[in-house]
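This report concerns only the one structure given below.
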Amino acid sequence: MFSRYEIVLKAGEVMPFRTFLWIEDRKDKAAYIFWNNFMRQLYPDITVESKNNNSELVKAVRSIDEICNRYIVVLDNSFDNLQVIMERHLLRQIADRKKNVVLLDIICFEYILLEFQELLSWIYAPNDEFLKKRADAIAAREMLVHSISSGVLNYKEIKEILKYDEHIDDHNIEQLAAKLLYSLTRNTGFEVSKGSIGDCWIKSCCEWGHRMNDDICGLDYHRLTVYEKMKRIHEGTSLKKKFLAAGLEEAL
């Protein structure tokens, strides 16, 4: 179990170690912005570092030769992408030989937001016209999350997903999650694409700089601070369970 307060002995001295969260995403990408904000709010003593891509992340883990620090490693688990499967297998072999490295089993950051229990109630006001216009995407999201949370990974056979994405065979789970999340959030303060993440995810309500008078979301009448948002994402997704397995639960 990792702890912010654990100490190690070195050369007869008591020394505190540092904990790092290593991710594959570049600093200008939405995933890095999300993780950096999330950790700063809930685990401020953990430093988020970008390794720019999968290969560099694997190299960085392989090169760890000290035990004074701890490393939590996020390599997207796109379970139907052969290249990612091979990279994760290699990373697992390396990490298993290092006692100060733990891997988080996360499909991708877009899927974390997609599975968030309050996603729709945050994005849309109760009578929002988008609830009807985006009914196919909403149904596909519901069935995808239900399928994966139930351990059923053949999501490409689900009729609601096939209806939403007629080119599903051209996409892997990470691509589908990103596409679905964008479909649900576009033209809102929660919009997420590979290159950007909406202010409404990473700022307190309501600090969206481009908000118009008719931009009303589900949080309009019970606004949250950015800390409260991150805490609810932690509680309302698989992150709580995965962080507990990494020994981080007591940090909250």
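Residue numbering for the sequence shown follows the numbering used here, beginning at 4 and increasing consecutively. Backbone N, C-alpha and C fix where the C-beta goes; we use that ideal spot for every residue, glycine too. Remember, it's a predicted structure, so these values are computed and weren't measured experimentally.
Ranked by Cα distance from W125, the options I110, L247, I236 are led by I236. The Cβ atoms of V155 and A33 do not sit closer than 8 Å to each other. Here N175 has S81, D83, N84 as same chain residues with Cβ atoms under 6 Å from its own Cβ, once five neighbours each way along the sequence are excluded. Within the same chain, Cβ atoms closer than 6 Å to the Cβ of E163 are found at A142, A143, M146, the five residues on either side in sequence being excluded. For R91, the uninterrupted alpha helix (DSSP H) segment begins and ends at 85-98. In the DSSP assignment, I26 falls outside any alpha helix (DSSP H) and lies within the beta strand (DSSP E) extending over 22-26. Nearest in C-alpha terms to K135, of all of L187, D168, D218, C209, is L187.
For the pair of segments examined, the stretch 196-209 was found to touch the stretch 218-233: the number of CB pairs separated by less than 8 Å reaches three. Here I67 carries a coil assignment [DSSP, helix/strand/coil].
Counting only residues of its own chain and dropping the five nearest sequence neighbours on each side, I110 has a CB closer than 8 Å to the CB of D79, N80, S81, F82, I151, I176, E177, A180. The C-beta distance from K166 to D139 rounds to 6 Å, short enough to fall under 8 Å.
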